[in-house]
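Residue numbers (full-length UniProt numbering), protein chains in the order written: chain P, 1 to 587; chain H, 1 to 587.
Ideal Cβ positions, reconstructed from N, Cα and C, are used throughout, including at glycine.
There are 2 protein chains.
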Amino acid sequence: MRTSIATVCLSGTLEDKLDAAAAAGFDAVEIFENDLIASVSSPEEIRRRTAGLGLTIDLYQPFRDAEGAPPARFAAAERRFRAKLDVMGRLGTRTVLICSSVAPDTIDDDGLAADQLRRLADLAAERGMRIAYEALAWGRHVSTWEHSWDIVRRADHPALGLCLDSFHVLSRTDAYGKIAELPGERIFFLQLADAPRLDMDVLQWSRHHRLFPLQGRLDLTGFTRAVLDAGYDGPLSLEVFNDVFRQADPHRTAVDARRSLIALSDDTLTPAPELTGIAFAELGVDAETGPQLENLLRGLGFAHTGQHRSKAVQLWEQGDARVLLNSGAGGDTAIRAFALESTDPAASADRAAELLARPLPRRRRRSEADLTAVAAPDGTEVFFCRGDQGWLADFLPTGETRTRQSGITRIDHLSLAQPFDRYDEAALFYRSVLGLTDDEAGEFAAPFGLVRTLAVRNDDRSVRLALSVPLLRRGDWAPAVPHPQSLTLLTDDLARTAEGLETVAVPANYYDDLDARIDRPDGTARALGALYDEDAHGRYLQLFTPVLGHRVFIEVVQRIGGYRGYGFANDPVRMAAHRARRLVPRA
Amino acid sequence: MRTSIATVCLSGTLEDKLDAAAAAGFDAVEIFENDLIASVSSPEEIRRRTAGLGLTIDLYQPFRDAEGAPPARFAAAERRFRAKLDVMGRLGTRTVLICSSVAPDTIDDDGLAADQLRRLADLAAERGMRIAYEALAWGRHVSTWEHSWDIVRRADHPALGLCLDSFHVLSRTDAYGKIAELPGERIFFLQLADAPRLDMDVLQWSRHHRLFPLQGRLDLTGFTRAVLDAGYDGPLSLEVFNDVFRQADPHRTAVDARRSLIALSDDTLTPAPELTGIAFAELGVDAETGPQLENLLRGLGFAHTGQHRSKAVQLWEQGDARVLLNSGAGGDTAIRAFALESTDPAASADRAAELLARPLPRRRRRSEADLTAVAAPDGTEVFFCRGDQGWLADFLPTGETRTRQSGITRIDHLSLAQPFDRYDEAALFYRSVLGLTDDEAGEFAAPFGLVRTLAVRNDDRSVRLALSVPLLRRGDWAPAVPHPQSLTLLTDDLARTAEGLETVAVPANYYDDLDARIDRPDGTARALGALYDEDAHGRYLQLFTPVLGHRVFIEVVQRIGGYRGYGFANDPVRMAAHRARRLVPRA
Numbered sequence: 001m002r003t004s005i006a007t008v009c010l011s012g013t014l015e016d017k018l019d020a021a022a023a024a025g026f027d028a029v030e031i032f033e034n035d036l037i038a039s040v041s042s043p044e045e046i047r048r049r050t051a052g053l054g055l056t057i058d059l060y061q062p063f064r065d066a067e068g069a070p071p072a073r074f075a076a077a078e079r080r081f082r083a084k085l086d087v088m089g090r091l092g093t094r095t096v097l098i099c100s101s102v103a104p105d106t107i108d109d110d111g112l113a114a115d116q117l118r119r120l121a122d123l124a125a126e127r128g129m130r131i132a133y134e135a136l137a138w139g140r141h142v143s144t145w146e147h148s149w150d151i152v153r154r155a156d157h158p159a160l161g162l163c164l165d166s167f168h169v170l171s172r173t174d175a176y177g178k179i180a181e182l183p184g185e186r187i188f189f190l191q192l193a194d195a196p197r198l199d200m201d202v203l204q205w206s207r208h209h210r211l212f213p214l215q216g217r218l219d220l221t222g223f224t225r226a227v228l229d230a231g232y233d234g235p236l237s238l239e240v241f242n243d244v245f246r247q248a249d250p251h252r253t254a255v256d257a258r259r260s261l262i263a264l265s266d267d268t269l270t271p272a273p274e275l276t277g278i279a280f281a282e283l284g285v286d287a288e289t290g291p292q293l294e295n296l297l298r299g300l301g302f303a304h305t306g307q308h309r310s311k312a313v314q315l316w317e318q319g320d321a322r323v324l325l326n327s328g329a330g331g332d333t334a335i336r337a338f339a340l341e342s343t344d345p346a347a348s349a350d351r352a353a354e355l356l357a358r359p360l361p362r363r364r365r366r367s368e369a370d371l372t373a374v375a376a377p378d379g380t381e382v383f384f385c386r387g388d389q390g391w392l393a394d395f396l397p398t399g400e401t402r403t404r405q406s407g408i409t410r411i412d413h414l415s416l417a418q419p420f421d422r423y424d425e426a427a428l429f430y431r432s433v434l435g436l437t438d439d440e441a442g443e444f445a446a447p448f449g450l451v452r453t454l455a456v457r458n459d460d461r462s463v464r465l466a467l468s469v470p471l472l473r474r475g476d477w478a479p480a481v482p483h484p485q486s487l488t489l490l491t492d493d494l495a496r497t498a499e500g501l502e503t504v505a506v507p508a509n510y511y512d513d514l515d516a517r518i519d520r521p522d523g524t525a526r527a528l529g530a531l532y533d534e535d536a537h538g539r540y541l542q543l544f545t546p547v548l549g550h551r552v553f554i555e556v557v558q559r560i561g562g563y564r565g566y567g568f569a570n571d572p573v574r575m576a577a578h579r580a581r582r583l584v585p586r587a
Numbered sequence: 001m002r003t004s005i006a007t008v009c010l011s012g013t014l015e016d017k018l019d020a021a022a023a024a025g026f027d028a029v030e031i032f033e034n035d036l037i038a039s040v041s042s043p044e045e046i047r048r049r050t051a052g053l054g055l056t057i058d059l060y061q062p063f064r065d066a067e068g069a070p071p072a073r074f075a076a077a078e079r080r081f082r083a084k085l086d087v088m089g090r091l092g093t094r095t096v097l098i099c100s101s102v103a104p105d106t107i108d109d110d111g112l113a114a115d116q117l118r119r120l121a122d123l124a125a126e127r128g129m130r131i132a133y134e135a136l137a138w139g140r141h142v143s144t145w146e147h148s149w150d151i152v153r154r155a156d157h158p159a160l161g162l163c164l165d166s167f168h169v170l171s172r173t174d175a176y177g178k179i180a181e182l183p184g185e186r187i188f189f190l191q192l193a194d195a196p197r198l199d200m201d202v203l204q205w206s207r208h209h210r211l212f213p214l215q216g217r218l219d220l221t222g223f224t225r226a227v228l229d230a231g232y233d234g235p236l237s238l239e240v241f242n243d244v245f246r247q248a249d250p251h252r253t254a255v256d257a258r259r260s261l262i263a264l265s266d267d268t269l270t271p272a273p274e275l276t277g278i279a280f281a282e283l284g285v286d287a288e289t290g291p292q293l294e295n296l297l298r299g300l301g302f303a304h305t306g307q308h309r310s311k312a313v314q315l316w317e318q319g320d321a322r323v324l325l326n327s328g329a330g331g332d333t334a335i336r337a338f339a340l341e342s343t344d345p346a347a348s349a350d351r352a353a354e355l356l357a358r359p360l361p362r363r364r365r366r367s368e369a370d371l372t373a374v375a376a377p378d379g380t381e382v383f384f385c386r387g388d389q390g391w392l393a394d395f396l397p398t399g400e401t402r403t404r405q406s407g408i409t410r411i412d413h414l415s416l417a418q419p420f421d422r423y424d425e426a427a428l429f430y431r432s433v434l435g436l437t438d439d440e441a442g443e444f445a446a447p448f449g450l451v452r453t454l455a456v457r458n459d460d461r462s463v464r465l466a467l468s469v470p471l472l473r474r475g476d477w478a479p480a481v482p483h484p485q486s487l488t489l490l491t492d493d494l495a496r497t498a499e500g501l502e503t504v505a506v507p508a509n510y511y512d513d514l515d516a517r518i519d520r521p522d523g524t525a526r527a528l529g530a531l532y533d534e535d536a537h538g539r540y541l542q543l544f545t546p547v548l549g550h551r552v553f554i555e556v557v558q559r560i561g562g563y564r565g566y567g568f569a570n571d572p573v574r575m576a577a578h579r580a581r582r583l584v585p586r587a
């Protein structure tokens, strides 16, 4: 299918937007009128620029308040329409979107609406152009696709067809099935947008909160299928009004956008291989945090079992948890990479590439494993590997053995605070590239502002990632990193693991409240100095270290009886404790 | 009246919040439970800290899901309630807020609710404490103040009274008048919050969009009057959940908060004197922009008529427009100050001080005018003066006279882009301190993101300020200052003013659209290279210069036939034109 994007999806001037759409590999654009009006480039210049970029202009939009207009206003609309046809001629585009009228004086008369649209269709047809008529969800009298289809049928003009927009349809109804029965050649254009489910005025919902397909909660897959089943063969075109995308780097947004269309509709996409675990997490460290982390890992029973053949990277192991400390990479102390066990690493990498994941230079050297890596939206490197054969052979054994069985069994999850502009992109990236599914989403009030969270996981929960982002980009008041990353290790005996571990003190007030609100407090959490949560499946205990450097801390958790969550509700307490920096005295 | 603020209004840890509330001069706080739970300070330590700061703790809140609970859950609630009374005893506070239940299993039985609240009131009374019961607007069965009052009456316990919250009442109804008939001694607590009018789920509206009184659109004045008329004599306490305030400097927010209560309720406040115009605008300039601005002003017919006796400040005049160029202040080229003509400058200054405007050091020296200045929320200095006697005498005449009558008559308005965290504060500041009223508000899609605007003005429109703020704090993609300030000059003959003025080119596409959408295009705007707008009163033409330095440009406007607006709808075109930096060639 051809892919297209409305310029209104992207930030910047029209020229910025066209460049970004082309760079991301789109075939076409919809020109949003206001973008053209504000552009210093003439329509002819835009036409040349798009052609030079390999783009076509598949739609000019929107033309407002045409059908149902009282006579005087319709005369003005007709004059305006002729002028816009002139502009379209200069742009070299042949389809214009007319959206259903919202003007208060619009007349509720389908016959009149059909007559007026037929008149405008005549004008378009004279120039070899055509009209795609769309029902806005908040249209004055025409607000459903069925109604817009009634009018198109009644007007019965070859230059008048439908524009279907997933948001306008799905924001009002889940009953879109009959779209599949439409004659496909009467659907002139298809606009796609997803959205979260929000209980608010539909116009505001549409103007601020649309998302790219598979980023929200509307049934884009079923809807798109219905339109294609009808026989529609035009482009899949994105029209997304989103407050964040409007102010984010359009080159990044355009890639995110096209990834959504590929994930939605590309039948040739390599299926996501099964993932079976997190093979390792790699922390970048510096001269100060390297020794701190070595001490900390040793305290957790890890041994420094391997040293990379050619790089300043240490391998530490305890149970099935493997942590790399990389002191040669520069940058902040942070989770800079993780590796996923895949049943087919090459296929995982192929799928990532097909979904426009940014490839990273291979880390290959003589006798080193050929690990394919891609960059996640926040820059974290994601590797694919299988078994121990490959990458472990890059590490020379140090001979060091584990000092004690600390109870740690494996990496439980990684908590990755996302850059403000990239949160929805990250969610789609992990869902589509890795085939992970949403696990738990929420919003909580942290000391320095609201935070949104989304956990994603594989089927057997051996791969879990917890994404988070502030609801508003932080200013000067909040600490530079109010919400750091965590490497969360799973233990089957937190008391044993905690021996000798320096953790941050949880306030006594927290335990007083815990004792008051849970049914049978047993004092374990308080005795351990741990955070506590419970769900229908079991209980959860969390200990956490101070922040190392500025961006990352280590967390150790125990899941008792099948607890499935992440303790998100405890995050505000943890963040305040991190700020207070009191430590638990332990032997 | 005593003033109080809920800790949930402010950003930071509990200790940060208490310090900020005290510094802003509040008498009391409400402790929001989650703030205490996350605090490393024990209740006794918080008690000592608040006392040391001169604050009392007037409320502990919230206690949830008590009334209407099935027996087993009520037993747990009672246990939890006892624990919270313990905490309150340690904090030294005697009133707890119970909000109406939201739990799905809540029983719809007022008799049961009254019995259960009576039981809890007994427990509270045993310790000399009391319960303020509040109807949440989204309560499961109790969601109106009338219903909560029915239950309180039915329970008939001296330790059980009402908590009234302006948001919960006014979000559901404007019919609050009967509150004035309540027995005042049964109103145990009053919480105040304003909000914009939003058509959305009331819970989300409440959690994200509350504002301080007089910042939104609810009738806080009438509501507060009704509660006071009932005889309520407790504190006026703010409870505002706001996404921005949650992440902004709490010291600033607390001042904004207390200003709102003073403006709302202080009968001793000095009335705002009448303002009669903008006496001058002062631009800070540097070695590069100073000469640019001198040229520009000369091109506009201004003459350099005066030189400050002791500072590197030039006075430029044309018509009644006076512009100061200050090359000795350092900092960005920007509007750093403006002066307002007041019928009583001393009273204006007194009112500003009473409303917590930050005073600035007086600029007084031998023989220099005693101008009182305060800092607006964005740091702009606001002076008050009367007539020409005072400050003009500080300038020595240069003897230079105006080169031509350019048509410029006066300063039309100042457009002041606000810091992201301070927009609602700025609106309240200008309304309350200067007595300005809202003129025009909007939201528009600019090239680098959505922008909100609000114009405020005095009665005769001789003082107009246009405030704006991005909807989201900008990141790296947008230009550093995508939305600069403007000094907007009024002319009665734009064609004459434009002679020799270097302005930024408005794209031809703009005029093509203009000709298509307005009734009788006369070509004036296109011929002048001006932006155009019209309203019910008249027409508006706008010319604008390139941005000087990084933050400010000069705009010249003509109002034909009484146009009242600001041309906000043209801002996206102007911003794109500024980015493109093409100039209009003029003789």
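Span of the beta strand (DSSP E), counted from its first residue to its last, around residue i
i, result
"H/Ile278", "275-284"
Proximity below 9 angstroms, CB of residue i to CB of residue j
i, j, result
"H/Glu294", "H/Phe338", "no"
"P/Pro470", "H/Thr13", "no"
Residue i - partner residues in DSSP beta bridges
i, result
"P/His413", "P/Thr488"
"H/Val313", "H/Asn326"
"P/Met88", "DSSP lists no partner for P/Met88."
"P/Gly449", "P/Ala446"
N- and C-terminal bounds of the alpha helix (DSSP H) containing residue i
i, result
"P/Tyr232", "Run containing P/Tyr232: none; DSSP gives neither H nor E here."
"H/Val102", "Looking at the DSSP string, H/Val102 is not in any alpha helix (DSSP H), and its letter there is neither H nor E."
"H/Ile187", "Counting along the chain, H/Ile187 falls outside any alpha helix (DSSP H), though it belongs to the beta strand (DSSP E) covering 187-192."
"H/Pro250", "250-265"
"P/Tyr423", "423-434"
"P/Pro291", "289-299"
"H/Val584", "Premise fails: H/Val584 is in no alpha helix (DSSP H) and is neither H nor E."
Quick one: complete beta strand (DSSP E) runs, 3+ long, within the region 535-571 of chain H?
539-544, 552-560
Okay, do the region 174-186 of chain P and the region 224-243 of chain P touch, 3+ Cβ pairs below 8 angstroms being the bar?
yes
Beta strand (DSSP E) runs wholly inside the region 1-52 of chain P, at least 3 long, in chain order:
3-6, 28-32
Using 8 angstroms as the cut-off, can you tell me whether the region 178-193 of chain P makes contact with the region 152-161 of chain P, which would need three or more C-beta pairs spanning the two stretches below that distance?
yes
Which complete alpha helix (DSSP H) runs does the region 128-155 of chain P hold, if anything under 4 residues is left out?
145-155
Check whether the region 326-333 of chain P and the region 276-288 of chain P touch, using three or more Cβ-Cβ pairs below 8 angstroms as the test.
A contact exists between the region 326-333 of chain P and the region 276-288 of chain P.
Do three or more CB pairs link the region 206-214 of chain H to the region 451-458 of chain P at distances below 8 angstroms?
Too few Cβ pairs lie closer than 8 angstroms, so no.
Mind pulling the beta strand (DSSP E) runs of 3 or more residues that sit fully within the region 470-524 of chain P?
485-491
With a threshold of 8 angstroms, are at least 3 pairs of Cβ atoms found where one atom belongs to the region 491-509 of chain P and the other to the region 339-349 of chain P?
no
With contact counted as at least three CB pairs below 8 angstroms, one residue from each stretch, are the region 385-399 of chain P and the region 418-428 of chain P in contact?
Output reads no: the region 418-428 of chain P does not touch the region 385-399 of chain P.
Any contact of the region 261-273 of chain H with the region 437-444 of chain H, i.e. 3+ C-beta pairs under 8 angstroms?
Between the region 261-273 of chain H and the region 437-444 of chain H there are fewer than three C-beta pairs closer than 8 angstroms, too few to call the two in contact.
Counting pairs of Cβ atoms below 8 angstroms between the region 131-151 of chain H and the region 52-72 of chain H, do you hit three or more?
yes
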